[in-house]
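Q:
Residue numbers (my numbering): 321 to 578.
1) Under 6 angstroms Cβ to Cβ from residue 428, same chain only, skipping five residues before and after it: list those, please.
2) Hey, would you say residue 576 sits closer than 8 angstroms to residue 497, going by beta carbons?
3) The beta strand (DSSP E) that contains residue 385, what's its start and end?
4) Give the straight-line distance between the Cα atoms of residue 559 and residue 430, rounded to the nearest whole angstrom.
5) In the DSSP output, which residue or residues are listed as bridge partners for residue 376?
6) So residue 424 packs on residue 438, CB below 8 angstroms; how close in whole Å?
7) Evaluate contact between the region 471-478 and the region 486-500, counting only Cβ atoms and requiring at least three cross-stretch pairs below 8 angstroms.
8) Please identify the residue among 432, 460, 514, 505 whose C-alpha is closest to the C-alpha of residue 412.
9) Which value, in whole angstroms, describes the spacing of the CA atoms of residue 523 and residue 450?
10) If you scan the region 386-468 from start to end, which runs of the beta strand (DSSP E) of 3 or more residues do you find wholly inside it?
11) Going by beta-carbon coordinates alone, are residue 383 and residue 369 separated by less than 8 angstroms?
Rendered as structure tokens:
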């Protein structure tokens with residue numbers, strides 16, 4: 321284990337022997353850090369926080385600290401981070417509250433750029449990118465392969481579904497369906513992330529069906545419910561990607577970005 325002599329590590333912390341910890345880091349007593357993770361310098365990791373393997377955490381990040389919910393009274397809550405994540409300078413990731421499930425969950429291979437924020441009780445999947453100053457309020461759910469542009473703000477309890485994209489400065493107060501691109505304040509839909517689909521090898525015929533489904537929901541002027549019913553009765557509903565798009569809308573409790 322490579323630990324700089326200026327790092328302050330509680331004797332009760334559980335740290336794999338392959339972890340590197342740089343100067344002036346502070347590691348609390350209930351912290352667990354997995355193999356080959358690198359904690360750069362001036363990083364504070366607190367609370368009941370479990371960090372997997374191969375993570376990189378850069379200087380001045382605050383990970384696992386008490387959340388900012390005024391109802392929080394010091395109850396024992398958790399932060400769990402998976403493998404292969406990069407958490408850049410000044411990022412903040414807070415643990416959960418007992419008003420929810422008491423846990424903030426981060427998956428694998430995410431990039432949290434400088435000064436990003438993940439609030440209490442959020443659930444973030446895999447392979448997401450949060451650009452500089454993007455922020456998730458409490459209780460937000462983010463799927464997989466989502467891109468949040470710089471200065472994007474996601475309102476509490478919103479869902480940002482997989483393969484979607486929020487442009488720079490988007491203020492999102494409703495759910496973002498799977499594959500949808502949004503931008504603006506307030507955020508509005510501006511098509512689907514077709515280029516991202518192509519890069520991940522989605523067949524052209526599937527993209528055509530998704531384009532048709534997008535038009536049915538967003539451009540034809542029907543009510544949302546009638547458009548969903550028509551799609552569910554159509555042959556397109558048997559295409560998994562279209563069915564997943566519809567399911568992401570059906571799950572919404574806040575309404576979707578239109």
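Where is the CB? At the ideal position from N, CA and C, for every residue including glycine. None of the values given here were measured: they were computed from a predicted structure.
A: The answer reads as follows:
1) By one-based count along the chain shown, residue 428 stands at place 108. Cβ neighbours of residue 428 beyond the five flanking positions: 402, 403, 404, 446.
2) In the chain shown, residue 576 corresponds to position 256, counting from 1. In the chain shown, residue 497 corresponds to position 177, counting from 1. Cβ distance < 8 angstroms, so residue 576 and residue 497 count as in contact.
3) Along the chain shown, one-based indexing puts residue 385 at 65. Counting along the chain, the beta strand (DSSP E) containing residue 385 begins and ends at 382-385.
4) The residue given as residue 559 occupies position 239 in the chain shown. The residue given as residue 430 occupies position 110 in the chain shown. Using only the alpha carbons, I get a separation of about 28 angstroms.
5) Counting from 1 along the chain shown, the entry for residue 376 is found at position 56. BP columns for residue 376 point to 358, 406.
6) What you label residue 424 is simply residue 104 of the chain shown in a count that begins at 1. What you label residue 438 is simply residue 118 of the chain shown in a count that begins at 1. Contact flag correct, Cβ pair sits at about 7 angstroms.
7) yes
8) Along the chain shown, one-based indexing puts residue 412 at 92. Taking only the C-alpha atoms, the option nearest residue 412 is 432.
9) As a working mapping, residue 523 is identified with position 203 in the chain shown. As a working mapping, residue 450 is identified with position 130 in the chain shown. Residue 523 and residue 450: Cα-Cα distance of roughly 27 angstroms.
10) 398-401, 412-414, 423-426
11) Here the question's residue 383 lines up with position 63 in the chain shown. Here the question's residue 369 lines up with position 49 in the chain shown. Closer than 8 angstroms, so yes.
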